[in-house]
Each structure stands twice: as structure tokens, then as C-alpha cells.
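S.K.: Listed in order, the protein sequences are those of chains P and L.
Residue numbers for the first sequence follow our numbering, beginning at 1 and rising by one.
Residue numbers for the second sequence follow our numbering, beginning at 1 and rising by one.
Note that beta-carbon positions come from the ideal geometry of N, C-alpha and C, so glycine has one too.
Being a predicted model, the structure only gives us computed values, none of them experimental.
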Amino acid sequence: MSDLAIELVNLEKQFTINLGVRRRRALDQLSLSVQRGEIYGFLGPNGAGKTTSIKVLASLLRQDAGEARVFGGDPLLETTRRRLGFLPESPVFYDHLTGREFLRLCGKLCGMDRGSIKRRSGELLERVGLGHAADLQVRRYSKGMNQRLGIAQALLHDPELVILDEPMSGLDPMGRADIRDLIVELRKAGKTIFFSTHIIPDVEVICDRIGLVNHGRMVAEGSVHALLDAARSKTTEVLVAGLPASLALPEGQEAAAASGQRLFLVDSEDQLTQLLHRAMAEQAKIVSVTPRRESLEDLVVRMLDQDRRERAA
Amino acid sequence: MGYVLAIAGQTLTEARRNRVFYSVFLFGLVVVLNSVIFTEVTATTVDRVLKDTGLAAINIFALALTVFTGVGIVNREIDRKSIYTILAKPISRFGYILGKYLGLLAIILITSTAMFIGLLVVMKGYKTEIHAGIFLGFFGIVLEVMVLGAIAVLCSSFTTSFVSAFICVAVYISGHLSTEFLRAVRKSTPVRRVVGEILYYVLPNLERFNFKYQATYDLMVSERALATVLVFGLAYVAAALLGAVLVFSRRDFR
């Protein structure tokens, strides 16, 4: 049994544009792997190839080359798709069905029996906060309610793998927090979650691993902690008070000065030690010594910028 | 294949909530108005006029319903992207197309049968004798819209509603004129003759389903002829749906 829930190997996809006159490469030798039971965040700017990759996994698109596998099987097979739940980006449902009726339809499409459909629909509608609107026609739903219904339908048949394309889109902060909690809850229940998003702070909080894609290629992949550790800056910020403004400290680069306090940046432990000794010798007060830490958002922006420069070169 | 029926059921529910079945009431109004007007101006053949205009009205309403509902049955879902959620479920694209067609068929059969019952009630009201011929006429109409419905689903699987509607209407017109068309091209140049003959054999000869003459004059056709027409209609439906499945199975949904 494969330990991988998802495996994409050298995936390629091109789309024709301008009435077939031009071709645009959406996926360029994209490879990634998602372990069973992990939360994988799929990041990248608009048009990077996230939705295209997800659509290949959901059997809505066929790759031109490369392989896509879900639990070792081809997503084009119904038996493989039975094991996954999918939320498309900005989901649209049948206007004239109620939320409950739509879930009933989804249950039938997944081969569930009537009793299970009724029980799971009720549970999930409550869980995603749509209990009060279960019998309202979908056309009366707000964008956020649609998103919640989309998540409910993806989880209805209790799939082992849940693929969510921009699950936080259209949700207010409370809604986002709900979905974050739900994703963590799913992992505790042994599910694998693969989701794309632009909201990087959410990724930093809940994901085990991330993949950063740009122009259809994988730019970086790994655990959130490993990527942040590898990218951790050696710079330390030292805030000093009571140091005469005229006195220069060659050990550190001065970054700012205000209200009698001066901020220095040092790039090594030796420099830090020297700067602290000098400051104490001058009878100054050391207010704080803080290692400068890059956030995941900073890291992503920096990596994308680096990728852009490499491409330009 | 339970999911095929689920898709058919959803298609029917959506049509019902879109008030598609209101067309039946409009039909009823047309038939009653017709009968009132024609019985006033016709001296002896009230029953024939009733049957003739009634079946013609059923034919037009059923045809309009088939075209207007059928041409958007797949591509509307593609345009709205509601198809993404459905096709990602463990279902086959063949099952999806079949479900959509069965849903369309249910819509057509329910409305046509309701209109036909309405016609029979009006005929009974005018004390017109109801013979088997009128059922034959209705059978022909149902077969014709079944074939056109399958063609609408085929077109809907690869093109826009507008183009699909255009193709369906063109098939309907050419399907009723195909014999005359073949006669004309046979007298034409060799190239036109070949093209004309190919079109004749590819497009359905809808005149085969036209039993309105038999319905009006209470004539019957042999069981063998009926079976031939039924097999022809079902074969054409199967071929059109197979074409739709072949096209749809290869489609990417961007």
C-alpha cells in the first residue's frame, strides 16, 4: 500500500488560447507528493497552475504528459475518485435545489444509502453552520454559505482525501477560523487534506507541508518548519537606549533611531557580542535583543521574487 | 446505475421548479380556443379538425420544449461550472449524459402526456369518438421528440445553446423534407448528389414518425411497420447519445 495520498510526477498541461492560435503552458514538469494523514498547503500566485493541478486530480482535466496518482490509482477511475472529496474554486450548485436536497443528490452520486445520506447531511450541515439554511434553495445562499455547502458535499461520503481549492475564499474571519478548525479536525480523524490558498497565515498555522508553485513549476516544497528554518535570517536586532546620538557603533548597522532609542542590526554572533560590550561600556541600556525571523509570507514573496529573477536571467 | 436516475431526477426537479410545466396550461388554452373557433367555422368535420390541430399543437409544444430545454442541458452546467462538483464524484461521464437525457425524456413525456390527455378530454367534451389512430399520432410525436432530444443533448455536449438550437431546428426542418431533398439532389451534379445522399442517410427522416394523417382519418399501420419505426427511432437515439458520450468523455473543463 502506497504511503502517498497524492503523487504528481512531471505533470504537463498546455491550453490553447486565442482560438487555438497560441498555446499557454499551465503545468511545466510539476511534481509533488502528499503523505497520508498530512495537511498540505498548495501556494502560488494567480495563474501559477494550482487549480489546473487540482482539476487533474479531480478528473476534470487530463494532463498532456506525466502522471497523477491518488492513493496509487488513476483519478480518472471511479474507484479512485470514491476515496476523495473535492471542493472546486468558487463553487456553484443547482439553484433550485435546497442545501439538503443537493447533499442528497451528492450522496446518491457517491453510492451512499438513504439512511447514511440523511444522517451525514444533517451532521455536516450543522458542522459547517448551515443547519438553519438546510431547506433554503441554493440560489438564496450568500457566497460564504455556498462555500460552506461546498465543503459539506466534499466531506459527505467520508473520503480519505479531501482536496479543497481556495476553501477560505468568500468567508469572513469567523468562517475562516471555522474551516481552519475543521481541517485540523479532519487530520485528527486520519484524513489527508490538500488545499490551495492565498491566505498564507492560515497555511503557517495548520499545514504540515507546503508546495510553492509558479508558472506551472514547483519552486519549493517541504515542511513549513524546515523551510522557515532553512530561510531563517542570521540577523539580530538590538535596541539600545541612552546612547549618545553622535556615538557611532561600527559593530552594527544602524537601522533606526527615535525617542532616544537606537536600533542596530548585526549579522553574526561576534558582532553581537562586541556591540553589547560597547553599549554597556557606554552605560547604555539594552532594551531588547531579537533574532529577526522571516514569516512564511515573507519567505513566499522572496522565493517568488527569486524565481522571477531567475526566469528573467 | 442508481446515480443515473439521481441525475435524471435532478434534471426533472430543476425543470419543474423553473416552471417548465406551465407550458401545458398554455397548450390547454390553445386547444380550447382552437376548438371553440374551429367548431364555429367548420360545418361537418369537427372531430378531424380537433385531432389535427390538437396533435399539431402537441407537436409544436413538445418540439419547443425539447429544443429549449435540451440545448442547454449540458453546456449550461459547463458555463455555470456546476458540473465541476458533479463530475468529480465517482460517476462516469457516460452515466452523466444518460442521466441528463433520461431527465429530459421525463420532462418531455410528462408534458406531452398531460397535453395528450387534455386533448382527449376536449374531444370527449365534443363527443368525438376516440379511435386508436390518435394514439398512433401521439406515439409518432413522442418518438420524434425523443430523437430530437438526443440530438439536442449531443449538441449541448460540445457547443453553445444558440448553435445547438440552430442545429436542432435545421435537423427538424431537413428531417421532414429529406425525401424531397433527396429527389432534388439526385437530379443535380454528381458532387451535390453524393453530399446530398450522405446528408440524407446521416440526418433522421422525421417523416417516418408522422402519423397525423392516420390519426385524423383513424387509419392503422401494421405492427411490423410500427416496430420498424420504433427500432429506427431508438437506434437514432442510441447513436446520438453515443456521439455525445464520445465527445463529452474527451472534454477538459478549464
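Kindly identify the DSSP beta-bridge partner or partners of G85/P.
M.R.: Answer is V162/P.
S.K.: For the alpha helix (DSSP H) that contains Q10/L, what are its first and last residues?
M.R.: Per DSSP, Q10/L belongs to the alpha helix (DSSP H) from 2 to 17.
S.K.: Using the Cα positions of Q283/P and V184/P, report the straight-line distance between them to the nearest angstrom.
M.R.: Answer to the nearest angstrom: the Cα atoms are 50 Å apart.
S.K.: Determine, using beta carbons only, whether L203/L and G175/L come nearer to each other than 7 Å.
M.R.: Yes, they are a contact pair.
S.K.: Is the beta carbon of V237/L sitting closer than 7 Å to the one on A165/L?
M.R.: Not a contact, by the Cβ cut-off of 7 Å.
S.K.: Is D208/P near the ligand ADP, in the sense that its beta carbon is under 6 Å from a heavy atom of that ligand?
M.R.: Ligands displayed in this structure: none; no statement on the ligand ADP is therefore possible.
S.K.: Mind listing which residues of the region 102 to 133 of chain P have their C-beta closer than 8 Å to chain L's C-betas, in chain order?
M.R.: Residues passing the 8 Å Cβ filter: L105, C106, K108, L109, C110, G111.
S.K.: For the region 290 to 304 of chain P and the region 57 to 71 of chain P, state whether three or more C-beta atom pairs, one from each stretch, are separated by less than 8 Å.
M.R.: No, the region 290 to 304 of chain P is not in contact with the region 57 to 71 of chain P.
S.K.: Can you tell me which of I141/L, I86/L, R250/L puts its alpha carbon nearest to the alpha carbon of Y8/L?
M.R.: Looking at the sequence itself, residue 8/L is Ala, so the reference to Tyr does not match. Ranking I141/L, I86/L, R250/L by Cα distance to A8/L puts I86/L first.
S.K.: Taking only three categories from DSSP, how would you classify N18/P?
M.R.: It is coil, neither helix nor strand.
S.K.: Can you list the residues of chain P that S112/L reaches, using a CB-CB cut of under 8 Å?
M.R.: Those do not exist, as S112/L stays about 22 Å from chain P at its closest Cβ, beyond 8 Å.
S.K.: Any chance the region 65 to 75 of chain L sits against the region 151 to 160 of chain L, with 3 or more Cβ pairs inside 8 Å?
M.R.: Cβ pair count under 8 Å is three or more, so yes.
S.K.: Give the secondary structure of K234/P by DSSP, where H, G and I count as helix, E and B as strand, and everything else as coil.
M.R.: Reduced to three states, the DSSP call for K234/P is coil.
S.K.: Closer than 8 Å by C-beta to C261/P: which residues in its own chain qualify, once you throw out the five before and the five after it? Chain order, please.
M.R.: According to the sequence as given, residue 261/P is Gln; it is not Cys. Only L239, V240, A241, V287 meet the Cβ criterion.
S.K.: Check distances from the C-beta atoms of the region 213 to 225 of chain L to those of chain P and list, in chain order, the residues that come in under 7 Å.
M.R.: From the region 213 to 225 of chain L, no residue has a Cβ closer than 7 Å to chain P.
S.K.: Buried or exposed for T111/L, going by 16 or more other Cβ atoms inside 10 Å?
M.R.: When all chains shown are included, T111/L counts as buried.
S.K.: Jot down the residue ranges of each uninterrupted alpha helix (DSSP H) in the region 66 to 130 of chain L, minimum 4 residues, whole runs only, in chain order.
M.R.: Counting whole runs of 4 or more residues, the region 66 to 130 of chain L contains the alpha helix (DSSP H) stretches 75 to 80, 83 to 87, 93 to 125.
S.K.: Between which two residues does the beta strand (DSSP E) holding G211/P run?
M.R.: Segment 209 to 214, the beta strand (DSSP E) holding G211/P.
S.K.: Do you know whose CA, among I210/P, A256/P, K285/P, lies nearest L43/P's CA?
M.R.: For L43/P, the nearest C-alpha among the options comes from I210/P.
S.K.: So what does DSSP say about N10/P, is it helix, strand or coil?
M.R.: N10/P falls in the strand class under three-state DSSP.
S.K.: My parser needs the beta strand (DSSP E) runs of 3 or more residues fully inside the region 12 to 68 of chain P; what are they?
M.R.: The qualifying runs are 22 to 35, 39 to 43.
S.K.: With 8 Å as the limit, tell me which residues of the region 80 to 99 of chain L have their beta carbon closer than that to any beta carbon of chain P; keep them in chain order.
M.R.: Flagged, chain order: R80, K81, S82, Y84, T85, I86, L87, A88, K89, P90, I91, S92.
S.K.: Shortest alpha-carbon distance to I108/L belongs to which of Y213/L, L242/L, V20/L, V4/L?
M.R.: The shortest C-alpha separation from I108/L is found at V20/L.
S.K.: Assign F139/L to one of three DSSP states: helix, strand, or coil.
M.R.: Correct three-state label for F139/L: helix.
S.K.: Got a sec: is the Cβ-Cβ distance from Y3/L to anything in chain P below 7 Å?
M.R.: Chain P, which has a Cβ nearer than 7 Å to the Cβ of Y3/L, makes this yes.
S.K.: Anything in the region 139 to 170 of chain P with a Cβ closer than 8 Å to a Cβ of chain L? List those residues in chain order, please.
M.R.: Listed in sequence order: G150, Q153.
S.K.: Shortest alpha-carbon distance to A56/L belongs to which of V195/L, R208/L, L119/L?
M.R.: For A56/L, the nearest C-alpha among the options comes from L119/L.
S.K.: Would a check of beta-carbon distances place E78/P closer than 7 Å to chain L?
M.R.: Closer than 7 Å to some Cβ of chain L, the Cβ of E78/P qualifies, so yes.
S.K.: Under a Cβ-count criterion, where at least 16 other Cβ atoms within 10 Å of its own Cβ denotes burial, should I198/L be classed as buried or exposed?
M.R.: Classification of I198/L: exposed, given that the 10 Å Cβ count is below 16.
S.K.: Measuring only the C-alpha atoms, how far is T189/L from Y200/L?
M.R.: Those two C-alpha atoms are separated by around 16 Å.
S.K.: Using a Cβ cut-off of 9 Å, pull out every chain P residue sitting near N75/L, in sequence order please.
M.R.: Here the premise fails: no neighbours, minimum Cβ distance about 14 Å.
S.K.: By Cβ distance below 8 Å, which residues in the same chain neighbour D158/P in space, the five residues on each side in sequence not counted?
M.R.: Taken in chain order, the residues that qualify are R120.
S.K.: For the region 157 to 177 of chain L, enumerate the residues whose C-beta is nearer than 9 Å to any C-beta of chain P, in chain order.
M.R.: Residues: none.
S.K.: Thinking just about the alpha-carbon of each residue, which of G140/L, R192/L, K124/L, T228/L is nearest to the one in F211/L?
M.R.: When only C-alpha atoms are compared, the closest one is G140/L.
S.K.: With which residues is T159/L paired in a DSSP beta bridge?
M.R.: Per DSSP, none; premise fails for T159/L.
S.K.: Just the chain P side, please: which residues come within less than 7 Å of N18/L by C-beta, in chain order?
M.R.: Residues of chain P passing the Cβ test: H96.
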